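Here is the structure we will look at, set down as structure tokens.
2 protein chains.
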Amino acid sequence: MSVRVLEVLFFFYFASHIPITLFIDLQALLPEHVYPQPLKDLLQWYAQEFRDPMVLDPPQWFQSFIFCEALIQMPFFPVAAYAFLKGGCKWIRTPAIVYSTHVATTLVPILAHILFHQFPTKPHAGPQTPKERWLLVSIYIPYLLVPLLLLLTMLLSATYNSTSTSTFTSRHKSAKSKKN
Amino acid sequence: MSVRVLEVLFFFYFASHIPITLFIDLQALLPEHVYPQPLKDLLQWYAQEFRDPMVLDPPQWFQSFIFCEALIQMPFFPVAAYAFLKGGCKWIRTPAIVYSTHVATTLVPILAHILFHQFPTKPHAGPQTPKERWLLVSIYIPYLLVPLLLLLTMLLSATYNSTSTSTFTSRHKSAKSKKN
């Protein structure tokens, strides 16, 4: 797959993460009156439809991840969206490795919890059947898969691993060959 | 602080992590008969003395971190111990960034759980008083602080950020000046 295609995917991932974090995820942290009723209704509908009690009544360990999302990830989203929209920004490599490792790590306990925890049915129903568990996994798993793809791209692709000089040389060569 | 001092600290951190993982942490995953009685007694004593029920009856999210410790971290420990004992191994930079971000991230929910979760007193007592909570935090916090120090060293120190050529040049210069 062309690195440009991946960069466009990463751009949409980071750009779409901004409203999701602000309007949905942060409801678990901020006081209720901050959000208008339609957004609160949306979260209630999601939690009921997908059996996700973690967003309504988060255990402390899950809440700590939302703190990280607000304080560490959120400021990074516009920077990363800009870098991947522009493309070929080598300076994003190390921050993107840190981001992707952080987020992939947070997904490990979340997926283990969804798949194996014995959720109570009250006050907020959690997944009980395997089908309900896998449905909820399908909501969260993009936030494991895209960061893993981002990590692999940063670690392996030539665009993000060649030195500045060689990139300059190859660009220079490619510009020359276009002229000829 | 000299980078060599930090490298020696990182060597001891990784070298000491090998027996801790094998003999203590993995008891939460492997069948009981794998371990001799004195090691099982040691874990029981630790869990009781430091009010740590997570190692005896781990919630699924905590258990998923021990899986990561066994499968991802454990193979990295001898490699990292070797690299930091030798010193100046630039190839450890990216793996060390991934390792340190991963481990620092795992410590966020663990510390939040220790500080804020309402632990039951049975079957295994958790920390109840602030003093007991901070005592348990003091056991886990080195695994946040050392990885953060490792991350900062990899991100900021000249040893791990200069290009190979300049390092070769500076070593060459220093060897020459020693000769003179």
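Top line first, the protein sequences correspond to chains Y and A. For this note's numbering, add 2 to where a residue sits in the first sequence, where the first one is 1. For this note's numbering, add 2 to where a residue sits in the second sequence, where the first one is 1. Note that CB positions come from ideal geometry on N, CA and C, so glycine has one too. Because the structure is a prediction, the values reported are computed rather than measured.
**Request:** Show which residues of chain A have a CB atom less than 7 Å away from the CB atom of residue 100(Y).
**Result:** Ordered by position in chain A, the residues that pass the 7 Å Cβ test against residue 100(Y) are 99, 103.
**Prompt:** Do you know offhand how far residue 15(A)'s Cα is from residue 103(A)'s?
**Reply:** Going by the C-alpha atoms only, they are around 16 Å apart.
**Prompt:** Taking the alpha-carbon positions, what's the residue 7(A) to residue 111(Y) distance?
**Reply:** Linking residue 7(A) to residue 111(Y) through their CA atoms gives a straight-line distance of about 34 Å.
**Item:** Range of the contiguous alpha helix (DSSP H) that encloses residue 115(A)
**Value:** Note, residue 115(A): alpha helix (DSSP H), 95-118.
**Request:** Going by CA-CA distance only, name the one from 55(Y), 73(Y), 98(Y) that's closest to residue 124(Y).
**Result:** Answer by Cα proximity: 55(Y).
**Request:** Kindly give me the distance between the Cβ atoms of residue 150(Y) and residue 106(Y), rounded to whole angstroms, as I take these residues to be in contact under 8 Å.
**Result:** So it is a contact: roughly 6 Å between Cβ atoms.
**Asked** When the distance is taken between beta carbons, is residue 162(A) closer than 8 Å to residue 155(A)?
**Response** Taking 8 Å as the cut-off, the Cβ atoms of residue 155(A) and residue 162(A) count as close.
**Request:** Rank 77(Y), 139(Y), 134(Y) by C-alpha distance to the C-alpha of residue 17(Y) and give the top, closest one.
**Result:** Looking at the Cα atoms, 77(Y) is the closest of the given residues.
**Message:** In this structure, how does DSSP classify residue 19(A) when only helix, strand and coil are distinguished?
**Reply:** Residue 19(A): helix per DSSP, three-state reduction.
**Request:** Measuring only between beta-carbons, confirm whether residue 1(Y) sits less than 8 Å from chain A.
**Result:** Only positions 3 to 182 of chain Y appear in this structure, which leaves residue 1(Y) out of reach.
**Asked** Do the CB positions of residue 130(Y) and residue 118(Y) come within less than 8 Å of each other?
**Response** Here residue 130(Y) is not near residue 118(Y), since their CB atoms are 8 Å or more apart.
**Request:** Helix, strand or coil for residue 163(A), going by three-state DSSP, please let me know.
**Result:** Residue state, collapsed to three classes: coil.
**Request:** Just mark residue 100(Y) as buried or exposed, buried being the case when its beta carbon has 16 or more other beta carbons within 10 Å.
**Result:** Residue burial annotation: residue 100(Y) is buried, with at least 16 other C-beta atoms found within 10 angstroms of its C-beta.
**Message:** Alpha carbons only, please: which of 115(A), 81(A), 138(A), 90(A) is nearest the one belonging to residue 20(A)?
**Reply:** Out of 115(A), 81(A), 138(A), 90(A), 81(A) has the C-alpha closest to the C-alpha of residue 20(A).
**Item:** Integer Cβ distance of residue 114(Y) from residue 62(A), believed to fall under 8 Å
**Value:** Contact between residue 114(Y) and residue 62(A) holds: CB atoms are separated by about 5 Å, below the 8 Å threshold.
**Prompt:** Which one of 40(Y), 12(Y), 59(Y), 29(Y) has the shortest CA to CA distance from residue 71(Y)?
**Reply:** Looking at the Cα atoms, 29(Y) is the closest of the given residues.
**Prompt:** Can the beta-carbon of residue 5(A) be found closer than 8 Å to that of residue 164(A)?
**Reply:** Going by C-beta atoms, residue 5(A) is not nearer than 8 Å to residue 164(A).
**Request:** Determine, using beta carbons only, whether residue 116(A) and residue 135(A) come nearer to each other than 8 Å.
**Result:** Yes, the Cβ-Cβ distance between residue 116(A) and residue 135(A) is below 8 Å.
**Asked** What residue does the alpha helix (DSSP H) around residue 246(A) start on, and which one ends it?
**Response** Here chain A covers residues 3 to 182 and nothing more, so residue 246(A) does not appear.
**Item:** Where residue 72(Y) sits in the DSSP three-state scheme
**Value:** Looking at residue 72(Y) - three-state DSSP - the assignment turns out to be helix.
**Message:** Rounded to the nearest angstrom, what separates residue 52(Y) and residue 137(Y) at their Cα positions?
**Reply:** Computed Cα separation, rounded: 7 Å.
**Request:** In angstroms with no decimal places, state the Cα-to-Cα distance between residue 109(A) and residue 148(A).
**Result:** The straight-line gap from Cα to Cα measures roughly 11 Å.
**Request:** List the endpoints of the continuous alpha helix (DSSP H) containing residue 134(A).
**Result:** Counting along the chain, the unbroken alpha helix (DSSP H) around residue 134(A) starts and ends at 132-142.
**Asked** Along chain Y, in chain order, which residues have C-beta atoms closer than 8 Å to that of residue 70(A)?
**Response** Neighbours of residue 70(A) on chain Y, chain order: 107, 110.
**Item:** Buried or exposed (CB count within 10 angstroms, at least 16 for buried), residue 34(Y)
**Value:** So residue 34(Y) counts as exposed.
**Message:** Can you give me the C-alpha to C-alpha distance between residue 41(Y) and residue 139(Y), rounded to a whole angstrom?
**Reply:** Distance between the alpha carbons of residue 41(Y) and residue 139(Y): 23 Å.
**CB contact flag (residue 98(Y), residue 152(Y), <8 Å)** = Against a cut-off of 8 Å, the Cβ pair of residue 152(Y) and residue 98(Y) comes out as a contact.
**Request:** Report the three-state DSSP secondary structure of residue 121(A) (helix, strand or coil).
**Result:** In this structure, residue 121(A) counts as coil in the three-state DSSP scheme.
**Asked** Applying the criterion that 16 or more other CB atoms from any shown protein chain within 10 Å of the CB defines a buried residue, is residue 68(Y) buried or exposed?
**Response** It is buried - the Cβ of residue 68(Y) has at least 16 other Cβ atoms within 10 Å.
**Request:** Mind listing the chain Y neighbours of residue 67(A)? Cutoff is C-beta to C-beta under 8 Å, in chain order.
**Result:** Simply 110, 111.
**Request:** Check whether the Cβ atoms of residue 57(A) and residue 45(A) sit closer than 8 Å, and answer yes or no.
**Result:** Contact flag set, yes.
**Prompt:** When you compare each of 65(Y), 47(Y), 93(Y) to residue 157(A) by their alpha carbons, which one comes out closest?
**Reply:** Looking at the Cα atoms, 93(Y) is the closest of the given residues.
**Prompt:** Under 8 Å between C-beta atoms, does residue 119(Y) make it to chain A?
**Reply:** Yes, residue 119(Y) counts as interfacial toward chain A.
**Prompt:** Between 47(A), 83(A), 27(A), which lies nearest to residue 142(A) when the distance is taken from Cα to Cα?
**Reply:** Closest by alpha carbon: 27(A).
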